[in-house]
Every structure is written in structure tokens, then in C-alpha cells.
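Enquirer: This is the structure I want to talk about, given as C-alpha cells.
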């Protein structure tokens, strides 16, 4: 039940951030030390730790509600000098992202095609 509650809370946070496209990632980083990209990285790591293969781009799409490149082009504003200064000042408080763990089993390799048939020898 606790894991279901945690999953629900995560999805509600994701939904809220998807609705609040007016809130810039840099502002969330300055105030809270994490942003949508951090959530995407944590989600990606969670998938990998549970043996689910997904790309980082897929994790971003889950968090952003659309491909990251599309969200960035539509909703991300250029950071001001003040925002960049404050981001640098708060850097020591920013979320950390451990390296992505390897999947417990590597994905199966595709079966190689059979070798070509031997050429016919003429008589």
C-alpha cells in the first residue's frame, strides 16, 4: 500500500508540473533543488532498477507529457542573468543523480541471419 501511495504522489506531482508549463525548470531548481529533468532521471533509474528497459527520452516524455525537445521549444524561456546567477549560488543544494544502474539481465541479442548458401559449382 505504501508503494502505491508513493506512486500516486509521484504521478500527481508529474501531472501538476505538466499543467504548470509557465513554471520554468530553472526556477524550480533555484527554489527546490530539483526540476522536471531530475524527476525524469529518477524515473529512468527506477525503471532500470526494476528491470524495465526504457530510454531516458521515454522517461522525459513521461514526465513532460510530450517529447522533451517539443516541450523545450514550446515552453522553455531563455534564462535571465539573475536566474543563472541564483542557479549557480544554489548549486550545492541541487539534487544528485547517481549513475544509472545496469539492468539485471542484458536485453536479448537479435539472432544473426543464417550464412548465405554455398555457391553452386558448375559441372
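Residue numbers (full-length UniProt numbering): 1 to 123.
Beta carbons are placed, not taken as given, at the ideal position from N, Cα and C, and that holds for glycine.
Considering only residues of the segment 15-56, which uninterrupted alpha helix (DSSP H) runs meet the minimum length of 4 residues and lie entirely inside it, listed in chain order?
Expert: Counting only runs of 4 or more, we get 25-32, 36-49.
Enquirer: Enumerate in chain order the residues of its own chain whose CB-to-CB distance from residue 30 is below 8 Å, with the five nearest sequence positions on each side excluded.
Expert: Here the question's residue 30 lines up with position 30 in the chain shown. Once the five neighbours on either side are set aside, the close Cβ partners of residue 30 are 83, 86, 87, 90.
Enquirer: Are there 16 or more other CB atoms within 10 angstroms of the CB of residue 118, so buried, or fewer, so exposed?
Expert: Along the chain shown, one-based indexing puts residue 118 at 118. By the 10 Å Cβ count, residue 118 comes out exposed.
Enquirer: Less than 8 Å between C-beta atoms, sequence neighbours within five positions excluded: which residues of the same chain meet that for residue 33?
Expert: As a position in the chain shown, residue 33 is number 33, starting the count at 1. Here the set comprises 90, 93, 94, 95.
Enquirer: Between residue 71 and residue 2, what straight-line distance do the alpha-carbon atoms span, to the nearest angstrom?
Expert: As a first step, residue 71 must be located in the chain shown, where it is residue number 71. As a first step, residue 2 must be located in the chain shown, where it is residue number 2. Approximately 32 Å, taken between the alpha carbons.
Enquirer: Quick check: is the beta carbon of residue 98 nearer than 8 Å to any beta carbon in chain D?
Expert: Here there is only one protein chain, and chain D is not present.
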